[in-house]
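K.L.:
Quick one: the structure is below, questions incoming.
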């Protein structure tokens with residue numbers, strides 16, 4: 001007896017009458033707002049739901065090549081055989097003069113995209129030179145691996161040359177460099193299907209390639225063409241159960257056409273009998289739960305199958321027709337909860353996806369709004385904490401934003417703490433391909449490798465950027481510090497000698513000479529060589545007080561004290577009139593103190609004391625002269641100030657007298673103020689005071 005259950009909801013959006021064209025258009029880009037706001041209990045995406053439930057697919061972007069790179073710590077990792085174009089004279093077929101000109105233009109700047117496209121077009125359309133085309137495409141794609149269309153064009157060249165193995169290798173190389181490219185995977189799979197048409201033994205190879213594709217690029221929001229191709233191919237092979245498994249992966253993957261995919265799954269479920277499309281184990285479990293085992297149905301454990309065993313069904317299903325509807329309802333209900341959860345995830349991300357206007361790589365700068373959208377999208381995913389989603393979104397982002405070091409650094413901030421081996425592949429792509437001129441990122445990579453105890457690789461990274469940025473003190477100091485920590489003192493000495501010789505500014509030579517002397521005496525125990533370095537720096541023509549102090553410290557605090565070298569140093573200081581008098585006096589005092597402690601002859605001590613006394617008298621005399629000059633200047637300044645004040649006061653009084661003359665009326669009393677009307681005088685005085 002079959003227990004009847006309520007039929008599952010048939011549609012996830014309100015029904016309305018539409019044309020077929022309208023329906024297809026709506027399904028292809030349906031807004032998540034069309035999903036009913038039915039609350040569902042959240043379930044972990046990766047939960048293993050056995051017995052008819054859907055398993056979340058395990059996505060990953062790491063390719064075999066990346067896995068090898070993540071464990072390869074050899075300095076050879078930094079070098080690529082396609083870093084440069086070969087000399088055109090080495091080609092078997094000579095290029096035209098115009099082709100050579102385009103070729104030479106590219107070699108001047110391998111990151112100039114327009115020069116590359118001009119050369120590619122000319123070589124492939126005009127020259128008809130296979131060897132040249134191969135060299136140009138290889139080198140171009142080494143610097144611009146995210147241009148998936150050029151991988152396809154390169155493979156087509158080999159196909160036209162009937163070299164299918166070479167074409168296949170190009171596709172594989174392209175997918176190693178750009179594993180999340182949906183279009184490149186589709187092109188490659190189409191190529192495999194064309195090459196293996198009519199070869200049943202190659203079906204598993206194609207199936208495995210499809211699985212690689214959806215595992216690498218299936219989380220791309222607009223990956224429907226890849227999923228649809230996989231489903232159509234399995235349908236063409238009549239592997240209906242495989243189709244169901246693909247749909248199970250697809251309905252728990254947030255993609256743009258999620259509603260259309262759900263509806264296609266329901267059509268798939270309605271078109272065939274459950275026993276034809278469901279895995280045997282799931283089908284048997286459903287029937288058992290429904291108490292619907294008919295006499296013609298047998299469930300067996302196949303011990304020769306996989307570890308879990310497989311369930312096989314008898315062929316007699318005539319008595320099960322009445323339960324098909326119930327089974328379909330159960331299947332839909334199990335998967336509908338997963339679909340609704342997926343829809344909720346899409347709702348949360350829809351505004352970010354809709355704002356992405358350029359989802360592909362281009363050399364042109366991005367609009368500020370696009371940069372902000374990617375930043376906000378990444379911040380959102382980081383807050384959600386789903387590692388797979390975070391990594392995949394970062395991979396999508398750096399395709400579009402490959403030339404923006406901010407996004408690479410943000411990616412590294414996250415991945416370094418989660419997976420150091422994968423962090424190495426990110427560093428490799430950023431520093432070797434897209435941002436090879438960003439020295440700060442290279443320094444960060446070198447520090448990362450040193451912390452991973454990959455000292456040789458770290459040294460190789462620093463050496464390369466030192467070549468690209470010669471004379472940069474920050475990089476040189478990092479190289480020297482690493483050599484010291486590696487206790488590779490021969491390398492340390494070599495770096496110092498080269499940088500002192502190559503520095504153009506005398507100040508830089510002095511700076512490195514002082515640092516070099518410290519390293520020689522502290523780590524290499526080579527006091528004589530340290531002394532030579534400092535004296536050589538003094539001969540550069542620009543005296544430096546710090547050089548003398550470093551020499552004095554070297555002679556008096558390291559190793560055996562050799563009086564003759566100390567005397568030579570003090571004599572040089574006293575003779576160097578470019579030095580400040582105060583500094584020379586201070587050194588004369590140090591000479592006295594040194595001789596009193598280490599000199600073997602009293603005569604040397606007395607001579608040093610006399611020299612110091614003479615220098616001190618010169619200093620006092622000079623100070624007295626300076627004081628007199630200051631006093632003279634001060635008196636002159638004060639006198640001038642008093643004169644200025646007197647002139648100012650006289651001018652003020654004269655102006656005041658003129659004002660009084662203007663304010664008081666003419667004296668009509670014969671010049672005697674007493675004879676003038678006192679009331680008029682008082683009124684005038686009051687007026688004067690008010691104006692003050």
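In full-length UniProt numbering, the protein residues as written are 1 to 692. Glycine residues also receive a C-beta, built at the ideal position from the N, C-alpha and C atoms. Quick caveat: nothing in here was measured; it's all calculated off a predicted structure.
(1) So what's residue 328 in DSSP terms, helix, strand or just coil?
(2) Rounded to the nearest angstrom, what separates residue 94 and residue 439 at their Cα positions?
(3) Alpha carbons only, please: which of 537, 385, 455 is nearest the one belonging to residue 481?
(4) What are the boundary residues of the alpha helix (DSSP H) that residue 587 is part of?
(5) Just verifying my parser: in three-state terms, what is the DSSP assignment at residue 571?
(6) Taking CB distances under 8 angstroms as the criterion, tell me whether residue 544 reaches chain D.
(7) So, is residue 136 buried or exposed, given that buried needs 16 or more other C-beta atoms within 10 angstroms?
(8) What separation, rounded to the nearest whole angstrom, lies between the Cα atoms of residue 556 and residue 459?
(9) Mind checking which residues open and close the alpha helix (DSSP H) that includes residue 380?
(10) Is residue 102 near residue 118, with beta carbons less than 8 angstroms apart?
(11) Does the Cβ-Cβ distance between residue 226 and residue 185 come in under 8 angstroms?
(12) Determine the direct distance from the alpha carbon of residue 609 to that of residue 528, and round the result to whole angstroms.
(13) Does the structure place the stretch 268-283 close enough to the stretch 324-343 that three or more beta carbon pairs sit under 8 angstroms?
(14) Nearest to residue 107 by CA position, among 139, 78, 91, is which residue?
(15) Residues in its own chain within less than 6 angstroms of residue 396 by CB, not counting five upstream and five downstream?
(16) With 16 other CB atoms within 10 Å as the buried threshold, where does residue 584 fall?
(17) Along the alpha helix (DSSP H) that carries residue 112, what are the first and last residues, could you check?
(18) Which two residues bound the contiguous alpha helix (DSSP H) that contains residue 552?
(19) If you draw a straight line from the alpha carbon of residue 568 to that of residue 550, how long is it in whole angstroms?
(20) Taking the straight line between their C-alpha atoms, what separation do you get for residue 373 and residue 411?
(21) Are there three or more Cβ pairs, one per stretch, closer than 8 angstroms when the stretch 212-219 is compared with the stretch 332-346?
(22) Within the same chain, show all residues whose beta-carbon is closer than 8 angstroms to that of residue 382, passing over the 5 residues directly before and after it, in chain order.
(23) Less than 8 angstroms between the beta carbons of residue 407 and residue 377, yes or no?
(24) With the cut-off set at 8 angstroms, would you say residue 399 and residue 361 are in Cβ contact?
(25) For the stretch 363-373 against the stretch 190-199, are there 3 or more C-beta pairs whose distance is under 8 angstroms?
(26) Should residue 79 go down as buried or exposed, given a rule of 16 or more other Cβ atoms within 10 Å for buried?
(27) Run through the stretch 458-486 for me and flag every whole alpha helix (DSSP H) of 4 or more residues, listed as ranges in chain order.
(28) On the premise that residue 219 lies in contact with residue 253, defined as a C-beta separation below 8 angstroms, what is that separation, rounded to the nearest angstrom?
(29) Out of 503, 488, 208, state which residue places its alpha-carbon closest to the alpha-carbon of residue 469.
(30) Thinking residue 510 and residue 537 are a contact (beta carbons under 8 angstroms), I'd like their distance in whole angstroms, please.
(31) Give the single residue among 579, 558, 571, 524 whose Cα lies nearest to the Cα of residue 542.
(32) So residue 127 packs on residue 96, CB below 8 angstroms; how close in whole Å?
(33) Counting along the chain, where does the alpha helix (DSSP H) carrying residue 188 start and finish?
(34) Residue 189 and residue 170: beta carbons closer than 8 angstroms?
(35) Among 478, 525, 483, 471, which has the Cα closest to the Cα of residue 505?
(36) Any heavy atom of the ligand SAH closer than 7 angstroms to the beta-carbon of residue 397?
P.N.:
According to the structure shown:
(1) helix
(2) 38 angstroms
(3) 455
(4) 581-598
(5) helix
(6) No chain D is part of this structure, which consists of one protein chain only.
(7) buried
(8) 35 angstroms
(9) 368-384
(10) yes
(11) yes
(12) 29 angstroms
(13) yes
(14) 139
(15) none
(16) buried
(17) That residue, residue 112, is in no alpha helix (DSSP H); it is neither H nor E in DSSP.
(18) 545-557
(19) 14 angstroms
(20) 16 angstroms
(21) no
(22) 390, 414
(23) no
(24) yes
(25) no
(26) exposed
(27) 473-485
(28) 6 angstroms
(29) 503
(30) 5 angstroms
(31) 579
(32) 7 angstroms
(33) 182-195
(34) no
(35) 471
(36) Looking for the ligand SAH in the displayed structure turns up nothing, as the structure carries no ligands at all.
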